[in-house]
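**Q**
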Amino acid sequence: TGDLIARHYPILPLICLPYRASLPHLLGAGLKQAGGKIIAITEAHCVFPPDWATRVIAAHTAITTPVIGGAVEPGKGLSRSAWALYFADYGQFMQPLQPGPAVEMPGENVSFKADVLAGHDFAASGFWKTFFCQSVEQSGHPLIAEPSIVIYYNRQLTGTQIVRRRWQHGRCFGGMRERTPIKRLLFGLSGLSLPALLTYRFFRKVWPKARYRREFLLALPTALLAILSWSIGEWWGNLSGTGNSCNYV
Numbered sequence: 085t086g087d088l089i090a091r092h093y094p095i096l097p098l099i100c101l102p103y104r105a106s107l108p109h110l111l112g113a114g115l116k117q118a119g120g121k122i123i124a125i126t127e128a129h130c131v132f133p134p135d136w137a138t139r140v141i142a143a144h145t146a147i148t149t150p151v152i153g154g155a156v157e158p159g160k161g162l163s164r165s166a167w168a169l170y171f172a173d174y175g176q177f178m179q180p181l182q183p184g185p186a187v188e189m190p191g192e193n194v195s196f197k198a199d200v201l202a203g204h205d206f207a208a209s210g211f212w213k214t215f216f217c218q219s220v221e222q223s224g225h226p227l228i229a230e231p232s233i234v235i236y237y238n239r240q241l242t243g244t245q246i247v248r249r250r251w252q253h254g255r256c257f258g259g260m261r262e263r264t265p266i267k268r269l270l271f272g273l274s275g276l277s278l279p280a281l282l283t284y285r286f287f288r289k290v291w292p293k294a295r296y297r298r299e300f301l302l303a304l305p306t307a308l309l310a311i312l313s314w315s316i317g318e319w320w321g322n323l324s325g326t327g328n329s330c331n332y333v
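Numbering-wise (this note's numbering), the sequence shown opens with residue 85 and increments by one.
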């Protein structure tokens with residue numbers, strides 16, 4: 085991969101770490117080297133339309149807030165399990181996407197004004213998108229969704245890989261959340277309700293969009309298994325900590 089990038093895209097800097105790093109630490113290393121006024125984050129399995137960068141720049145020119153997320157559309161040729169992971173992770177970012185203030189940002193299609201990233205040592209701590217965006221929001225800057233910024237999702241994983249991935253991600257998330265011991269105990273006691281709550285949120289965010297409903301129904305068993313796997317992971321992470329789960333994010 086490194087040779088291909090050097091040969092076909094010599095203008096791009098390539099960062100090689102001497103150890104196996106999680107995605108947040110890879111992002112942290114990249115952010116340390118980034119020098120633009122607008123910094124976008126995505127992943128290798130995404131496909132971009134030709135005007136994507138132009139739309140990102142236009143959005144940051146028109147909108148003063150520092151964090152802007154776009155839409156994540158399904159790519160071509162997704163397997164049933166890939167559809168399941170798409171709906172579970174990014175169905176809420178499928179078009180139609182409501183423009184304006186948003187609760188969450190898609191990790192594959194989010195961009196930041198450089199000023200909001202300054203002063204953070206992401207190379208050491210890793211860049212944890214969810215927690216960082218929460219801190220930005222708590223500082224008084226709303227997260228903004230802009231539906232004109234679109235990317236296409238093309239990750240292909242098996243059902244087994246999805247279950248493992250979601251469990252590790254859920255445990256990492258549960259272990260990293262800042263809770264008092266009392267809140268952790270209460271969450272542990274009420275954890276049996278988490279699968280039902282996440283399933284309700286899943287349907288509420290995806291089904292009303294009225295798109296790809298055949299694919300949604302066919303992928304639903306695997307998607308529900310992914311939600312259950314995350315729920316168990318988050319519950320366990322809340323009680324026992326992250327373990328080594330964050331290494332697999």
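For each residue, glycine too, the CB sits at the ideal point set by N, CA and C. These figures come from a predicted structure and were not determined experimentally.
From which residue to which residue does the beta strand (DSSP E) around Lys-197 run?
**A** Position 113 of the sequence shown holds residue 197. Per DSSP, Lys-197 belongs to the beta strand (DSSP E) from 194-197.
**Q** Tell me whether the beta-carbon of Gly-336 lies closer than 9 Å to the beta-carbon of Gly-254.
**A** Because residue 336 is not part of the residues shown, which for the chain are 85 to 333, the question remains open.
**Q** Roughly how many angstroms separate the alpha carbons of Arg-261 and Glu-157, rounded to a whole number?
**A** As a working mapping, residue 261 is identified with position 177 in the sequence shown. As a working mapping, residue 157 is identified with position 73 in the sequence shown. Taking the straight line joining both Cα atoms gives about 29 Å.
**Q** Val-156 bridges to which residues according to DSSP?
**A** As a working mapping, residue 156 is identified with position 72 in the sequence shown. DSSP output for Val-156 lists Ile-235 as bridge partner(s).
**Q** The beta strand (DSSP E) with Ile-246 in it runs from where to where?
**A** Within the sequence shown, residue 246 is the residue found at index 162, counting from 1. Looking at the DSSP string, Ile-246 is not in any beta strand (DSSP E); the run it does join, the alpha helix (DSSP H), is 243-260.
**Q** May I have the straight-line CA-CA distance separating Leu-323 from Pro-94, to the nearest angstrom?
**A** Translated into the one-based positions of the sequence shown, residue 323 becomes position 239. Translated into the one-based positions of the sequence shown, residue 94 becomes position 10. Cα to Cα, Leu-323 sits roughly 47 Å from Pro-94.
**Q** Tell me where the beta strand (DSSP E) around Gly-184 begins and ends.
**A** Along the sequence shown, one-based indexing puts residue 184 at 100. Counting along the chain, the beta strand (DSSP E) containing Gly-184 begins and ends at 184-186.
**Q** Check this for me: beta carbons of Leu-282 and Ile-235, under 9 Å apart or not?
**A** As a position in the sequence shown, residue 282 is number 198, starting the count at 1. As a position in the sequence shown, residue 235 is number 151, starting the count at 1. Cβ atoms of Leu-282 and Ile-235: not closer than 9 Å.
**Q** Kindly indicate which three-state DSSP category Ala-90 falls into: helix, strand or coil?
**A** Position 6 of the sequence shown, counted from the first residue, corresponds to residue 90. Looking at Ala-90 - three-state DSSP - the assignment turns out to be helix.
**Q** Which one of Lys-213, Ala-207, Ala-303 and Ala-90 has the shortest CA to CA distance from Phe-287?
**A** Mapped onto the sequence shown, residue 287 falls at position 203. Phe-287 has its Cα closest to that of Ala-303, out of Lys-213, Ala-207, Ala-303 and Ala-90.
**Q** Give the straight-line distance between the Cα atoms of Ser-315 and Arg-295, rounded to the nearest whole angstrom.
**A** Start at 1 with the first residue of the sequence shown, and residue 315 comes out as number 231. Start at 1 with the first residue of the sequence shown, and residue 295 comes out as number 211. Spanning the two alpha carbons is a distance of roughly 26 Å.
**Q** Measuring only the C-alpha atoms, how far is Ala-146 from Gly-275?
**A** Your numbering for residue 146 matches position 62 in the sequence shown. Your numbering for residue 275 matches position 191 in the sequence shown. One C-alpha to the other measures close to 42 Å.
**Q** Could you round the C-beta distance between Phe-211 and Leu-301 to whole angstroms and report it? I think they count as a contact, below 8 Å.
**A** Numbered from 1 along the sequence shown, position 127 holds the residue referred to as residue 211. Numbered from 1 along the sequence shown, position 217 holds the residue referred to as residue 301. So it is not a contact: roughly 36 Å between Cβ atoms.
**Q** State the beta-bridge partners of Cys-130 as determined by DSSP.
**A** Looking up residue 130 in the sequence shown gives position 46. DSSP output for Cys-130 lists Tyr-237 as bridge partner(s).
**Q** Would you check if there are 3 or more beta carbon pairs closer than 8 Å linking the stretch 133-150 to the stretch 240-260?
**A** Contact fails: fewer than three Cβ-Cβ distances are below 8 Å.
**Q** In whole angstroms, give me the CA-to-CA distance for Ala-207 and Cys-100.
**A** Within the sequence shown, numbered from 1, the residue matching residue 207 stands at position 123. Within the sequence shown, numbered from 1, the residue matching residue 100 stands at position 16. Taking the straight line from one Cα to the other gives about 13 Å.
**Q** For Pro-231, which residues in the same chain have their Cβ closer than 6 Å to its Cβ, ignoring the five residues on either side in sequence?
**A** Locating residue 231 in the sequence shown gives position 147, counting from the first residue. Taken in chain order, the residues that qualify are Ala-155, Leu-181 and Pro-183.
**Q** Is it buried or exposed, Gly-161, if we count other Cβ atoms within 10 angstroms and call 16 or more buried?
**A** Counted from its first residue, the sequence shown places residue 161 at position 77. Result: exposed.
**Q** Which partner residues does Leu-308 have in the DSSP bridge list?
**A** Residue mapping note: residue 308 aligns to position 224 of the sequence shown, counting from 1. Bridge partners of Leu-308: none, in fact.
**Q** Could you say which of Lys-213, Pro-265 and Lys-289 lies nearest to Phe-257 if we only look at CA atoms?
**A** Residue mapping note: residue 257 aligns to position 173 of the sequence shown, counting from 1. Of Lys-213, Pro-265 and Lys-289, the residue nearest in Cα terms is Lys-213.
**Q** Taking C-beta to C-beta, are Pro-102 and Cys-330 nearer than 9 Å?
**A** Along the sequence shown, one-based indexing puts residue 102 at 18. Along the sequence shown, one-based indexing puts residue 330 at 246. No, these two residues do not count as a Cβ contact at 9 Å.
**Q** Tell me whether Ser-195 is buried or exposed, calling it buried when 16 or more other Cβ atoms sit within 10 Å of its Cβ.
**A** On the sequence shown, position 111 is the one that residue 195 refers to. Ser-195 should be labelled buried.
**Q** Tell me the residue span of the beta strand (DSSP E) that contains Ala-294.
**A** Looking up residue 294 in the sequence shown gives position 210. Per DSSP, Ala-294 belongs to no beta strand (DSSP E) and is neither H nor E.
**Q** If you draw a straight line from the C-alpha of Arg-340 to the C-alpha of Tyr-332, how long is it?
**A** In the structure as shown, the chain begins at 85 and stops at 333. Residue 340 is therefore absent and cannot be evaluated.
**Q** Is the beta carbon of Gly-122 less than 9 Å from the beta carbon of Lys-197?
**A** In the sequence shown, residue 122 corresponds to position 38, counting from 1. In the sequence shown, residue 197 corresponds to position 113, counting from 1. Per the sequence shown, the amino acid found at residue 122 is Ile instead of Gly. Yes, they are a contact pair.
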